[in-house]
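Chemist: Numbering (our numbering), first residue to last: 517 to 757.
1. Measuring CB atoms only, is the stretch 547–565 touching the stretch 601–614, in the sense that at least three cross pairs come out at less than 8 angstroms?
2. Report the three-state DSSP secondary structure of residue 531 (helix, strand or coil).
3. So, helix, strand or coil for residue 558, using DSSP?
4. How far does the beta strand (DSSP E) with residue 689 in it reach, from first residue to last?
5. If you follow the beta strand (DSSP E) that residue 706 is part of, which residue opens it and which one closes it?
6. Would you list the one or two residues that DSSP bridges to residue 666?
7. Suppose you measure from the CA of residue 586 to the CA of residue 533; what does that come to, to the nearest Å?
8. Along the alpha helix (DSSP H) that carries residue 602, what are the first and last residues, could you check?
9. Please return the same chain residues whose Cβ sits closer than 7 angstroms to the Cβ of residue 530, not counting the five positions on each side in sequence.
10. May I ask which residues mark the beginning and end of the alpha helix (DSSP H) holding residue 727?
11. Short of 8 angstroms in beta carbon distance, which residues of its chain neighbour residue 620, apart from the five on each side in sequence? Order them along the chain.
12. Can you pull the DSSP bridge partners for residue 580?
13. Tell me, to the nearest whole angstrom, how far the beta carbon of residue 677 is from that of residue 698; I am working on the premise that it is less than 8 angstroms.
Okay, structure coming up:
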């Protein structure tokens with residue numbers, strides 16, 4: 517029996533976002549002949565991750581398709597995994613060097629220049645751990661880009677994106693938002709309206725998924741680190757590496 521790989525993401529209410537996620541799942545399925553790849557969600561779409569755990573059997577690995585820590589999502593995923601000791605939860609996708617490399621490619625494709633002011637824009641960072649993850653993502657992007665990267669989020673204790681864009685204007689240069697989102701949707705629309713001169717595409721934009729992103733998912737699936745075990749605080753497992 518093949519091991520089952522459960523790719524778990526936030527659901528999307530936008531058809532383009534749903535199609536982009538399906539494209540990633542299909543790309544992983546094509547590359548992972550030794551794995552049974554299925555999708556799951558924590559909201560907005562079905563099937564929910566708890567249902568998928570109950571409907572599958574044998575060794576399963578849940579890969580959270582999260583770019584930064586999200587405690588409510590983490591709790592939902594780990595609680596689902598506790599229903600069967602054969603289920604493990606891997607580290608989430610981000611932050612990671614691979615995402616930084618793709619982020620820089622998106623900047624180049626959008627026409628960003630070395631003298632632009634770059635703002636990494638993330639969805640809501642709900643607590644200090646999420647803020648730390650977003651900050652790490654910005655540092656990785658900065659290292660690959662070769663210049664300073666500011667941070668703005670759509671909620672939480674970190675700097676609001678609109679404020680970050682306003683502060684970036686003080687440098688007297690173009691402001692380019694580097695989108696730190698997996699798919700398009702309401703969050704990306706908000707980023708587009710934040711007042712930047714340029715906003716990059718999300719990691720999944722409806723076209724073929726970047727092979728590096730597919731490889732990152734499979735690296736998470738086959739890693740031994742970041743797994744969850746029953747009986748522990750579900751808020752402690754989904755640690756980015």
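C-beta atoms are modelled at their ideal positions from N, C-alpha and C, and glycine is treated no differently.
Modeler: Reading it off the structure:
1. no
2. helix
3. coil
4. Where residue 689 is concerned, there is no enclosing beta strand (DSSP E), given that its DSSP letter is neither H nor E.
5. Looking at the DSSP string, residue 706 is not in any beta strand (DSSP E); the run it does join, the alpha helix (DSSP H), is 702–708.
6. 635
7. 19 angstroms
8. Unbroken run through residue 602: none, as it is neither H nor E.
9. 700 and 701
10. 727–738
11. 657, 660 and 661
12. 524
13. Not confirmed; about 17 angstroms, so no contact.
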